[in-house]
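> The opening position of the sequence shown corresponds to residue 4 in our numbering, with each subsequent residue numbered one higher.
Don't be surprised by glycine CBs; every beta carbon is placed ideally from N, CA and C.
Because the structure is a prediction, the values reported are computed rather than measured.
Here it is, the structure in full.
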Amino acid sequence: MKLDIKFLQTGGIPLTNDLMADVMLAIKHYDCIADVTGHMAIVSGCTITGTYVSPGIVAINGELLFFEGGGIVSSVYVNTEIINKTFQDTISKGLIEKKTVKFGAGTISYPWGEFKRLTPLLDLQSQVAALKSDIDILKIKTAPIMNDGVIFIWNKPANDIPDGWKECTDLRGKTVFGWHPTEHPFTNLNTDIGSKTKTIEKTNLPSVTVGTNIYTNGGGYKDDWPNDNIGPAVNGSEIQTKQLGDGTALDVLNPGRIIMFIEPNFQ
């Protein structure tokens, strides 16, 4: 309700009880500011100089109240004063209830040190604008995380993984390689490649000759054609070495540390 009472008129203003009740109701609307500020807030004034506090306006329990100020003590209280007026029937009655906040102790006291001064809205607006700028930058920097496109190394047990994250099971027992658009086998993103062991085949052996320290006048020495043999008999028994190995796959696992990979799990 918004009232605009035209008091400045001729003919006598009818100051009825109903009119004054409407005026009081309109004034009470200002208490909504106390709901915005919250309990035990300094709305204006109350400037501290040494051990003295200047008068001002504070919010207590949803009401805007005048604070008298004075020498600082540990607590304040709401002082309620009933002001009597003589009515037309000559009877004196309580007409005005005056509430002020004072330093001291009352039936209900409030610690002065817990009153908080509000930051002016214009200052808040500039702070919010600065925070928004920071948030916009953070959105850019954290976009890979928010889009579930990153994987981090995790060096603690699985039960210590923080909320919003989970183990990336695709990388269990694997390391990672950088994608390359033209170099095989790194061309296909998110493809498993390689193996933990390799079996050495003849094609993997180095192209070298091995001396036997056996000398002969017959044939050649390199065993690269049928007449390479000891003695004149081409069809004789071939001299061979003992079997050198059993074909066990070669361990090509590099030294490493067992860790866990985690990825976002935002809901």
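For Pro147, which three-state DSSP category applies?
Stepping through the sequence shown from its first residue, residue 147 is reached at position 144. Correct three-state label for Pro147: helix.
> Quick check on the DSSP output: the beta strand (DSSP E) that includes Val46 runs from which residue to which?
Locating residue 46 in the sequence shown gives position 43, where the first residue counts as 1. First-last of the beta strand (DSSP E) with Val46: 44 to 48.
> Given 8 Å as the limit, is there contact between the stretch 20 to 27 and the stretch 52 to 64, that is, 3 or more CB pairs closer than that?
Not touching, per the Cβ criterion.
> Which residue comes first and which comes last in the alpha helix (DSSP H) that contains Ala252?
One-based indexing of the sequence shown puts residue 252 at position 249. Run containing Ala252: none; DSSP gives neither H nor E here.
> How about Ala37 and Tyr80: are their beta carbons less than 8 Å apart?
Numbered from 1 along the sequence shown, position 34 holds the residue referred to as residue 37. Numbered from 1 along the sequence shown, position 77 holds the residue referred to as residue 80. No, the Cβ-Cβ distance between Ala37 and Tyr80 is not below 8 Å.
> In three-state terms, what does DSSP make of Leu125?
On the sequence shown, residue 125 is found 122 positions in, with the first residue counted as 1. Note: Leu125 maps to helix in three-state DSSP.
> Under the three-state reduction of DSSP, which class applies to Ser206: helix, strand or coil?
Walking along the sequence shown from the start, residue 206 turns up at place 203. At residue 206 the sequence reads Thr, which differs from the Ser that was named. Three-state result, Thr206: helix.
> On the premise that Phe264 lies in contact with Trp168, defined as a C-beta separation below 8 Å, what is that separation, rounded to the nearest angstrom?
Residue 168 sits at position 165 when you count from the first residue of the sequence shown. Residue 264 sits at position 261 when you count from the first residue of the sequence shown. About 10 Å separates the two Cβ atoms, so there is no contact after all.
> Can Gly176 be considered in contact with the ligand ATP, in the sense that its beta carbon sits closer than 7 Å to one or more heavy atoms?
The ligand ATP is absent from the structure shown, which contains no ligands of any kind.
> Determine contact between the stretch 253 to 264 and the stretch 135 to 145, defined as no fewer than three beta-carbon pairs at a distance below 8 Å.
Too few Cβ pairs lie closer than 8 Å, so no.
> Where in the stretch 31 to 75 do unbroken runs of the beta strand (DSSP E), each at least 3 residues long, occur, reported from the N-terminal end onward?
Within the stretch 31 to 75, the complete beta strand (DSSP E) runs of at least 3 residues are 44 to 48, 59 to 63, 66 to 70.
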